[in-house]
Amino acid sequence: KILIIGACGQIGSELTFKLRSIYGNDNVIASDINPANLDIAKPGLFEIIDAQDYASIKACVEKYNIDTIYLMAAMLSATGEKFPMKAWDLNMNSLFHVLNLAKDKFIKQVFWPSSIAVFGPTTPSENTPQHTITEPTTVYGITKQVGERWCEYYNQKYGVDVRSLRYPGIISWKTQPGGGTTDYAVEIYHKAVSQKKYDCFLSENTKLPMMFMDDAIKATIDIMSADAKAIKLRSSYNLAAISFTPKEVAQSIKQHIPDFKISYTPDYRQDIANSWPKSINDAAAREDWNWKHDFSLQDITKEMLFQLNKKCNTAVP
Ligand code: VAH
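Right under this line is the structure:
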């Protein structure tokens, strides 16, 4: 059985739906520190768990006979810069608890998300290689960089079957944007539908690696269901789909909403975005476990506007 920690978050909530559709509702227990998403918090299939509380995670593992944990709880880059020690504690303590449960054989397999945030200003920024300089300048990036070291250590030292992906910015419509620097690319669609205008907190030519949620979920399911022998990297795999700038997103939105207006007011998140790569080389993931993305920027814009228009019941323009 599967336990998802942080199931009400941006990725966690969609991962829960997908895993339930594959393995059946009863085999996927969702947990979060608060039941924000009522669809997820189905009675008997949901537990309130603080990801920093080892005892409550272990109790849930024993109660439901869990053998696989997806640890999707974390404090993201922008919020992490406001609360550095909270970000360090949440992101690291939760990882140690889950790795130790696997080391002590209470569970068999772990998924833990890393991020392009492990890269910093000294990393080659175009077509960033799998193995390269990682000097992250955000607390979030530091937790992901050192988390990868711990994942590889627990695999080499204790044989823990932990698997990880360096997600790019992820775009989805089901949840509200939550403290990420790349979340401008989520907000812009919500604002395009509700107000036909958006004041972007990054400058117009800030190119970042991005991915539609459906691609991110596919990669997560694929790496976790691949044969263990295919997983040659136990730190974390680079994962890429497309890269684009706020200007390019705005142009793709204008094809559907011609009078959409965008303005740019860069804030503290501009420094974070400037420290990250513009594009990622994910050849290792494509070679080792046949990764490939599906959604282009045009596909994303079409789907986001369709779903958000449907969500607020206005006719698709
Ligand atoms: C963030 N969405 O912005 C996350 C992600 C690469 C970005 O890690 O913090």
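So in UniProt numbering, spot 57 of the sequence shown is number 60, and the numbers just go up one at a time.
Backbone N, C-alpha and C define an ideal beta-carbon position, used for all residues, glycine too.
It should be emphasised that the depicted structure is a prediction, and the values quoted were computed from it without experimental measurement.
Would residue i and residue j qualify as a contact pair, given that the criterion is a beta-carbon distance under 8 Å?
i: H296; j: A244; result: yes
i: W115; j: S167; result: yes
i: I8; j: S34; result: yes
i: M213; j: P180; result: no
i: T146; j: E84; result: no
i: I32; j: Y67; result: yes
i: R152; j: Y240; result: no
i: K199; j: I260; result: yes
i: L79; j: G183; result: yes
i: E207; j: P249; result: yes
i: S266; j: D164; result: no
i: P127; j: T135; result: yes
i: Q148; j: N284; result: no
i: L211; j: S246; result: yes
i: S97; j: A54; result: yes
i: L18; j: T223; result: yes
i: V113; j: I60; result: no
i: Y156; j: K106; result: no
i: M307; j: I174; result: yes
When you measure from the CB of residue i to every non-hydrogen atom of ligand 1, does any distance come out below 7 Å?
i: T184; result: yes
i: G123; result: no
i: L242; result: no
i: A219; result: no
i: A54; result: no
i: I43; result: no
i: I72; result: no
i: F136; result: The sequence shown places Ile at residue 136, not Phe. Not under cutoff, so the answer is no.
i: G12; result: no
i: L79; result: yes
i: I283; result: no
i: A120; result: yes
i: I260; result: no
i: I173; result: yes
i: Y170; result: yes
i: Y143; result: yes
In or out: residue i buried (at least 16 other Cβ within 10 Å) or exposed?
i: residue 3; result: Because the chain here runs from 4 to 320, residue 3 falls outside it and cannot be looked at.
i: A233; result: exposed
i: Q268; result: One point to set straight first is that residue 268 is Thr, not Gln, in the sequence displayed. Exposed, since its Cβ has fewer than 16 Cβ neighbours within 10 Å.
i: D270; result: exposed
i: G150; result: buried
i: C154; result: buried
i: G15; result: buried
Along the chain, where does the beta strand (DSSP E) containing residue i start, and where does it finish?
i: E50; result: F49 to I51
i: L74; result: T71 to L74
i: L41; result: Looking at the DSSP string, L41 is not in any beta strand (DSSP E), and its letter there is neither H nor E.
i: K200; result: K200 to C203
i: M78; result: It is not in any beta strand (DSSP E) - M78 carries neither H nor E in the DSSP assignment.
i: residue 322; result: Since the first and last residues shown for the chain are 4 and 320, residue 322 lies out of range.
i: Q112; result: Q112 to S118
i: F247; result: I245 to F247
Over the uninterrupted alpha helix (DSSP H) stretch that includes residue i, give me the two end residues.
i: L98; result: P87 to K106
i: Y271; result: Careful: Y271 lies outside any alpha helix (DSSP H) and carries neither H nor E.
i: V64; result: Y57 to Y67
i: D285; result: Careful: D285 lies outside any alpha helix (DSSP H) and carries neither H nor E.
i: Q148; result: V142 to Y161
i: I303; result: L300 to K314
i: D164; result: Careful: D164 lies outside any alpha helix (DSSP H), inside the beta strand (DSSP E) at D164 to Y170.
i: I224; result: M216 to S228
Closer than 7 Å: is that where the CB of residue i sits relative to any heavy atom of ligand 3?
i: Y192; result: In the structure on display, ligand 3 does not appear, and the ligands it does have are ligand 1.
Quiz item: Are at least three pairs of beta-carbons, each pair with one atom in the segment 9 to 18 and one in the segment 35 to 43, less than 8 Å apart?
Solution: yes
Quiz item: When the Cβ atoms of the segment 296 to 307 are set against those of the segment 213 to 226, are three or more pairs found closer than 8 Å?
Solution: yes
Quiz item: How do the segment 100 to 111 and the segment 249 to 269 stand: do at least 3 beta-carbon pairs fall below 8 Å, yes or no?
Solution: no
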